[in-house]
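Let me begin by presenting the structure, written as structure tokens, before commenting on it.
Numbering (the working numbering), first residue to last: 1 to 80.
Here it is as structure tokens:
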């Protein structure tokens, strides 16, 4: 397969810092379902796959996290 020639461009409007997650205290679901872990770091919420902790983490602002949690509670992400 040929190498991709697509160049990564900085995200416009990306106002989140490059957080150092080295010493983050990761928390797993109390129900033990899935592989998701979260950590609260410098006023942001980081989310990662515990099965692949070396992979990139998603970073949320408190407002984004609140919207995500509300959507999950309301079933927005449930499989139909």
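Idealized CB from N, CA, C, for every residue including glycine.
For this session: Can you tell me the Cβ-Cβ gap for residue 49 and residue 36, rounded? I've got them flagged as a contact below 8 Å.
Result: Against the chain shown, residue 49 aligns to sequence position 49. Against the chain shown, residue 36 aligns to sequence position 36. Sure, about 7 Å apart at Cβ, within 8 Å.
For this session: Select from 44, 75, 78, 73 the residue whose C-alpha is nearest the C-alpha of residue 58.
Result: For the purposes of this step, residue 58 is taken as residue 58 along the chain shown, with counting starting at 1. It is 44.
For this session: Just mark residue 72 as buried or exposed, buried being the case when its beta carbon has 16 or more other beta carbons within 10 Å.
Result: Position 72 of the chain shown, counted from the first residue, corresponds to residue 72. Counting Cβ neighbours within 10 Å, residue 72 comes out exposed, since fewer than 16 surround it.
Exercise. Starting from residue 46 and walking both ways along the beta strand (DSSP E), at which residues does that stretch end?
Worked result: In the chain shown, counting from the first residue as 1, residue 46 sits at position 46. Where residue 46 is concerned, the enclosing beta strand (DSSP E) stretches over 44-49.
For this session: Rounded to whole angstroms, what's the CA-CA distance from residue 25 to residue 38? Just pull it up for me.
Result: Here the question's residue 25 lines up with position 25 in the chain shown. Here the question's residue 38 lines up with position 38 in the chain shown. Cα to Cα, the separation comes out at about 8 Å.
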